[in-house]
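To convert, note that position 537 of the sequence shown is 537 in full-length UniProt numbering; the numbers rise steadily by one, no gaps.
Report on the following structure.
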Amino acid sequence: MAISLSTRRQRLSAIRKASNRLALSSLITAIDLADDAERAELVDLALVRPQKSTLLGLIRRFDQLAPSQADRLCTLLDERPALLREALRANVSQLRAGSLRVLDRMNDPRLLDLLRSPLNDDRPAIREEAQRLLRNWVRLACAPDADQERSAETARTVGSMFAALPQASHGPLAWALAVAGPRLGREVRQQIQRAPRLRVMVLRDLLAESGDELVRDRLDWWVGIPEVAPGATQGLRSAMGQTIAFRHGECLVPRQTRRGTISSKASLEEVARRFGPGVMSSVASDPGRRPEERVGLLADLITHGSTPLRSLALRHLIELSAICPAAERVIERLLHSDNAQLARSAMVWLMNHARDPKAVSRALSSPHAEVRSMAGTRMAPGLFERLVTQWNRLSTEERRSRGGTLRRIDDQLEQRVDGLLRRSPQSRRLLAVSMIRVLGMTAEFEPRLRALAASTDEKLASAAVSALGDLKTTTSRKAVAGALAHKDGRVRANAIEALGTPKTRPHTETILKLTAEGHNRVRANAIASLMGTRHEVRALDRLRTMLSDTREKHRMSAIWVARTHHIESLAPRLVEMASGDPSVAIRKRAHDAIGDVIARIEKQTTDTAKLMGAA
1 MAISLSTRRQ RLSAIRKASN RLALSSLITA IDLADDAERA ELVDLALVRP QKSTLLGLIR
61 RFDQLAPSQA DRLCTLLDER PALLREALRA NVSQLRAGSL RVLDRMNDPR LLDLLRSPLN
121 DDRPAIREEA QRLLRNWVRL ACAPDADQER SAETARTVGS MFAALPQASH GPLAWALAVA
181 GPRLGREVRQ QIQRAPRLRV MVLRDLLAES GDELVRDRLD WWVGIPEVAP GATQGLRSAM
241 GQTIAFRHGE CLVPRQTRRG TISSKASLEE VARRFGPGVM SSVASDPGRR PEERVGLLAD
301 LITHGSTPLR SLALRHLIEL SAICPAAERV IERLLHSDNA QLARSAMVWL MNHARDPKAV
361 SRALSSPHAE VRSMAGTRMA PGLFERLVTQ WNRLSTEERR SRGGTLRRID DQLEQRVDGL
421 LRRSPQSRRL LAVSMIRVLG MTAEFEPRLR ALAASTDEKL ASAAVSALGD LKTTTSRKAV
481 AGALAHKDGR VRANAIEALG TPKTRPHTET ILKLTAEGHN RVRANAIASL MGTRHEVRAL
541 DRLRTMLSDT REKHRMSAIW VARTHHIESL APRLVEMASG DPSVAIRKRA HDAIGDVIAR
601 IEKQTTDTAK LMGAA
């Protein structure tokens, strides 16, 4: 419901005047509930009177801020690094993610030390974002034209982080160490000397990106210092395809051994014999080969290579996809890789660049939950609109099947149905209520359905009452009971069905009154609900009276009750109606009812005979 201008002004005025901490902390809750106009003013209030709780709340909602507000928040946090560090270590993942977006906007390498915690985060997405910031800031701080003092400080910070963080976080720091190279202190170089695995990682990252001018400048320094050179060649050969960069026919290896060159047309066997099997990936990236041949080589790496090799192969395949459609099919195979990160990277690319529209849908069979979730998120809007368009033409089973699939893949389904329920055309709102019921979402929408049950729109009210009948909560039954007094007969009839057999005295008294109702469905449903209760005799009397009613609709509804409940005592009356009622439709319906009653009697007789024979 839209908030009036006067109400909005009153709310904002109250918040402006608030001075105590508790009142100001409510700003964040108000931001979540506000519309766009209110949100902008509430954020401005929070920035003018900053407190710890409000600043943390704004960090968590950083994506909702206007650019000018985001800049003001960054300025405030630049003066409060301890608060930003606390946010990066918080248990709430949205707060950690928001803090990284703040750091990205601040883009200040002096804040590099704040990345310690996110680099070791348990969420892959946060680790990846922290690694991206690390690379950007180190590159910025250690560029040839950068301030020498800042470069040295960055190098010391990287070395300190390497010493403090667990081994699992060392990989992302290898590139930073490589670029910081000449500015690293002696103690860090000695630490590298004691860690052969790190020597390989540092040189591997440099060689793998030797096309980058900044990285290439560091290469000669790294292979020349005594702390790194010993044993580097042997380690690199075992590090597979990311150890040697093959660009334009030139293969780089540490200067300590040789700087060798091989033909860009060399066979894989020759490359493997001279430099180790992992260099296959470098040959596969050679632009001198036909794209189809390179895709074939990369496909072999995808199938048989180690995880680092497959990561490198994916990067080459993405480059080739623009000129060779076959690369896309190989990338799609990574969706079923045993490595979740590779599968996710492939999925991100396919979602943005795939030519085959079915590629994303095939991701639903990936063994990785995150990939399936990404596919569902991408496909869900289109599938939902298609289901809405076809809903009225589908059978109940088809609705359940397609709707069930959508529930499994679309974590925004509830919001989509809610949006449909809020639309003005009555047909759309009725369709939404039908969806809620068929897809088993009645509990989630109970408050909205209770409101609709009291609506003056008869069709919506009757549909909502039927849906509430699927629930057995106290609140839902109270809402349905209230619908017994609705002015529309369809709503009252559906309410009787939804409540079922009356179990309380007030309910029973109400139903007994409704057995004399002027609306045929209300009258019939009231009589039917009393069958099998201690009031059945009275209900049968009312039903006999209804079968003789002068109104055709009432006689038709009475036949429905007799047929549904197989009331044998009414068979003679049904025979009379089947032969003598003035309405052709009544005669046909009575004839069908007699058949059902007789079939029920015959079945009971057969079952009794079987029981007696068994005895």
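Glycine is no exception: its CB is placed at the ideal position from the N, C-alpha and C atoms.
The structure presented is a predicted model; accordingly, all values stated were derived computationally and were not measured.
| query | result |
| --- | --- |
| Considering only the alpha carbon of each residue, which of Ala141, Met374, Leu298 lies closest to Leu335? | Met374 |
| Does Asp541 come out as helix, strand or coil in the three-state DSSP assignment? | helix |
| Report the start-end ranges of each beta strand (DSSP E) in the segment 415 to 455 that is 3 residues or longer and not cut off at the edges. | none |
| Closest to Val360 by CA distance: which of His368, Glu370, Gly376, Ser345 is it? | Gly376 |
| Could you work out which residue in Gln64, Pro67, Ser99 is closest to Arg80 when comparing CA atoms only? | Ser99 |
| Take the Cβ of Asn91 as the centre, count every other Cβ of all protein chains shown within 10 Å, and call the residue buried at 16 or more, exposed below. | exposed |
| Could you spell out where the alpha helix (DSSP H) holding Asp581 opens and where it closes? | From DSSP, Asp581 is part of no alpha helix (DSSP H); its letter is neither H nor E. |
| Near Lys503, what residues of its chain come up, given a Cβ to Cβ distance below 8 Å and the 5 sequence neighbours on each side ignored? | none |
| Can the beta-carbon of Arg378 be found less than 8 Å from the beta-carbon of Glu332? | no |
| Can you give the Cα-Cα distance for Val417 and Ile436, rounded to whole angstroms? | 8 Å |
| For my contact list, Ala453 and Leu468 are in at a C-beta cut-off of 8 Å; report their separation, rounded to the angstrom. | 6 Å |
| Could you pull out every residue in the same chain whose Cβ sits closer than 8 Å to the Cβ of Arg600, ignoring the five residues on either side in sequence? | His566, Glu568 |
| Report the start-end ranges of each alpha helix (DSSP H) in the segment 129 to 171 that is 4 residues or longer and not cut off at the edges. | 148 to 164 |
| Would you mind reading off the limits of the alpha helix (DSSP H) that contains Val371? | 369 to 390 |
| Just verifying my parser: in three-state terms, what is the DSSP assignment at Ile323? | coil |
| Closest to Arg123 by CA distance: which of Leu88, Asp147, Ser151 is it? | Leu88 |
| By alpha-carbon positions, which one of Arg521, Ser583, Arg534 ends up nearest to Ala558? | Arg521 |
| Check whether the Cβ of Leu103 lies closer than 7 Å to any heavy atom of the ligand SAH, and answer yes or no. | Ligands displayed in this structure: none; no statement on the ligand SAH is therefore possible. |
| By how many angstroms is the C-alpha of Asp113 removed from the C-alpha of Arg127? | 15 Å |
| In whole angstroms, give me the CA-to-CA distance for Val597 and Ser548. | 19 Å |
| Is the CB of Arg132 under 8 Å away from at least one CB in chain B? | The structure shown has no chain B; it contains just one protein chain. |
| Taking the continuous alpha helix (DSSP H) assigned at Lys503, which residues delimit it? | Premise fails: Lys503 is in no alpha helix (DSSP H) and is neither H nor E. |
| Taking Leu134 as the reference, which of Asp104, Asp147, Ala125 has the closest Cα? | Asp104 |
| Distance, Cα to Cα, Ser160 vs Arg116? | 10 Å |
| Reducing DSSP to helix, strand and coil, say where Asn120 ends up. | coil |
| Taking only runs that begin and end inside the segment 455 to 484, name each unbroken alpha helix (DSSP H) of 4 or more residues, in chain order. | 458 to 468, 474 to 482 |
| Is Trp137 closer than 8 Å to Pro109 when the C-beta atoms are compared? | yes |
| Expressed to the nearest angstrom, what Euclidean distance is found between the alpha-carbon atoms of Lys610 and Ala479? | 47 Å |
| For Ile586, which of Ala299, Glu397, Ile409, Arg555 has the nearest alpha-carbon? | Arg555 |
| Name the residue from Glu86, Asn120, Asp121, Cys74 whose alpha carbon lies nearest to the alpha carbon of Val102. | Cys74 |
| Residues in its own chain within less than 8 Å of Arg258 by CB, not counting five upstream and five downstream? | Low per-residue confidence applies at Arg258: pLDDT is 34, beneath 50, and the placement is therefore not dependable, though the value from the model is reported in the following sentence. Closer than 8 Å at Cβ, skipping near neighbours: no residue. |
| For Ala327, which of Leu314, Ile409, Asn339 has the nearest alpha-carbon? | Leu314 |
| Give me the residue from Ala481, Asp78, Thr564, Glu509 with the minimum Cα distance to Leu111. | Asp78 |
| Do you know how far the Cα of Leu540 is from the Cα of residue 616? | Here the chain covers residues 1 to 615 and nothing more, so residue 616 does not appear. |
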